[in-house]
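Visitor: Sequence lines, in order, name chains U and V. Heads up, the first sequence stops at 221 in our numbering, and the numbers go up one at a time, no gaps. Heads up, the second sequence stops at 107 in our numbering, and the numbers go up one at a time, no gaps. This structure is in structure tokens; I'll ask about it shortly.
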Amino acid sequence: QKEVEQNSGPLSVPEGAIASLNCTYSDRGSQSFFWYRQYSGKSPELIMFIYSNGDKEDGRFTAQLNKASQYVSLLIRDSQPSDSATYLCAVNMRKGGSEKLVFGKGTKLTVNP
Amino acid sequence: KAGVTQTPRYLIKTRGQQVTLSCSPISGHRSVSWYQQTPGQGLQFLFEYFSETQRNKGNFPGRFSGRQFSNSRSEMNVSTLELGDSALYLCASSWTRGINTEAFFGQGTRLTVV
């Protein structure tokens, strides 16, 4: 099983719809989870982080975490064409005293006007 | 506040050469991590430096090395370049180490090996 898995997409939604992006991770001990947005040709940009089970809302973005299911998601409400990008899920994993941020391969989102 | 600065932005090198990439973190940030991004493998962790010491290392060959200076600036070196080293190299800075620390990325260095 890959450490962090995401559906590669592409995910296509109409403008104004809710986009749902999903991520699963393998390390049950992971404690912190991040969502990055990467526009084509640009570097990843941090948009959300979540540490506790449940939902965390920031504007149009909601991150959801379920540690028992080892699942984290990102919902984008009222999707805009400017949200079209690749969304990367990242999990901070700690093993044997060392830790690293492990990224999924990303889900490409297209919001159609 | 200035962001993470990486130089150069683009590089073209020949197989067998070596290359050094530079990363200046956000002011006050002490941790610098390096990543390789390719279309096939995605973002892969290379190593992390904190207080001039390598703290964590990913699964890359010894040709990939780095260092961090007292002002937290970091360099990454790749020796004996191979075609497969062509990638976007990203560095990310954090104000400290820790499981809950957010990382902020620079614009990256696009390395092409011919």
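Every residue gets a Cβ at the ideal spot worked out from N, C-alpha and C, and that includes glycine.
What are the uninterrupted segments assigned as beta strand (DSSP E) that are 3 or more residues long and contained completely in the stretch 143 to 197 of chain U, given in chain order?
Guide: The stretch 143 to 197 of chain U contains these whole beta strand (DSSP E) runs: 153 to 158, 162 to 166, 169 to 174, 179 to 184.
Visitor: Scan the stretch 46 to 87 of chain V and note each continuous alpha helix (DSSP H) run of 4 residues or more that stays entirely inside, going in chain order.
Guide: Runs of the alpha helix (DSSP H) inside the stretch 46 to 87 of chain V: none found.
Visitor: Is the closest heavy atom of the ligand ATP to the C-beta of Asn130 (chain U) under 7 Å?
Guide: In terms of ligand content, the structure shown is empty, and the ligand ATP therefore cannot be addressed.
Visitor: Nearest by alpha-carbon distance to Gln10 (chain V): which of V:Gly99, V:Thr89, V:Ser79 is it?
Guide: Against the second sequence, residue 10 (chain V) aligns to sequence position 17. Among V:Gly99, V:Thr89, V:Ser79, the Cα nearest to that of Gln10 (chain V) belongs to V:Ser79.
Visitor: Buried or exposed: where does Thr194 (chain U) fall if 16 or more other Cβ atoms within 10 Å of its Cβ makes it buried?
Guide: Locating residue 194 (chain U) in the first sequence gives position 86, counting from the first residue. Label assigned to Thr194 (chain U): buried.
Visitor: Closer than 8 Å, CB to CB, is Gly99 (chain V) near chain U or not?
Guide: Stepping through the second sequence from its first residue, residue 99 (chain V) is reached at position 106. Yes - at least one Cβ of chain U is within 8 Å of the one on Gly99 (chain V).
Visitor: Hey, Ser134 (chain U) and Gln109 (chain U) are a contact pair by Cβ (cut 8 Å); roughly how many whole angstroms apart?
Guide: Here residue 134 (chain U) refers to the residue found at position 26 of the first sequence. Here residue 109 (chain U) refers to the residue found at position 1 of the first sequence. Indeed, because the Cβ distance is near 5 Å, the residues count as touching under 8 Å.
Visitor: Please report how far the alpha carbon of Asn64 (chain V) lies from the alpha carbon of Pro1 (chain V), in whole angstroms.
Guide: Along the second sequence, one-based indexing puts residue 64 (chain V) at 71. Along the second sequence, one-based indexing puts residue 1 (chain V) at 8. When rounded, the distance between both Cα atoms is 19 Å.
Visitor: I want to verify the contact list: residues of chain U whose CB lies under 8 Å from the CB of Glu41 (chain V), in sequence order.
Guide: Along the second sequence, read from residue 1 onward, the residue named residue 41 (chain V) stands at position 48. Ordered by position in chain U, the residues that pass the 8 Å Cβ test against Glu41 (chain V) are Lys208.
Visitor: Which residues in chain V sit within 7 Å of Lys213 (chain U), going by Cβ to Cβ distance?
Guide: On the first sequence, residue 213 (chain U) is found 105 positions in, with the first residue counted as 1. Per Cβ cutoff of 7 Å: Gly35.
Visitor: Along the stretch 42 to 58 of chain V, where does the CB come closer than 9 Å to a CB of chain U? Name the residues.
Guide: Under the 9 Å Cβ criterion, the stretch 42 to 58 of chain V contributes Arg48, Asn49, Lys50, Gly51.
Visitor: How is Arg90 (chain V) classed by DSSP in three states: helix, strand or coil?
Guide: Counting from 1 along the second sequence, the entry for residue 90 (chain V) is found at position 97. DSSP places Arg90 (chain V) in coil when its eight states are reduced to three.
Visitor: Just grab the DSSP bridge partners of Ser17 (chain V) for me.
Guide: Within the second sequence, residue 17 (chain V) is the residue found at index 24, counting from 1. Paired residue(s): V:Thr(-2).
Visitor: Measuring CB to CB, does Phe57 (chain V) end up less than 8 Å from Val71 (chain V)?
Guide: The residue you call residue 57 (chain V) lines up with position 64 of the second sequence. The residue you call residue 71 (chain V) lines up with position 78 of the second sequence. For Phe57 (chain V) and Val71 (chain V), yes; Cβs fall inside 8 Å.
Visitor: Closest by CA to Gln146 (chain U), which one among U:Ser190, U:Asn130, U:Ala176?
Guide: By one-based count along the first sequence, residue 146 (chain U) stands at place 38. Nearest of U:Ser190, U:Asn130, U:Ala176 to Gln146 (chain U), Cα basis: U:Ser190.
Visitor: For a test of the three-state rule: what should DSSP assign to Ile5 (chain V), helix, strand or coil?
Guide: Your numbering for residue 5 (chain V) matches position 12 in the second sequence. Strand at Ile5 (chain V).
Visitor: Straight-line CA distance for Ala127 (chain U) to Leu74 (chain V)?
Guide: In the first sequence, the residue the question calls residue 127 (chain U) occupies position 19. In the second sequence, the residue the question calls residue 74 (chain V) occupies position 81. About 41 Å.
Visitor: Short check: CB of Val222 (chain U) to CB of Val121 (chain U), under 8 Å?
Guide: Since the first residue of chain U shown is 109 and the last is 221, residue 222 (chain U) is not available in this structure.
Visitor: Closest to Cys162 (chain U) by C-alpha separation, out of U:Arg185, U:Ser181, U:Asn115, U:Val219, would be which residue?
Guide: As a first step, residue 162 (chain U) must be located in the first sequence, where it is residue number 54. Looking at the sequence shown, residue 162 (chain U) is not Cys but Gly. The residue with the shortest Cα to Cα distance from Gly162 (chain U) is U:Ser181.
Visitor: For Phe157 (chain U) and Glu95 (chain V), which I take to be in contact (beta-carbon distance under 8 Å), what is that distance rounded to the nearest angstrom?
Guide: The residue you call residue 157 (chain U) lines up with position 49 of the first sequence. The residue you call residue 95 (chain V) lines up with position 102 of the second sequence. Confirmed, about 6 Å.
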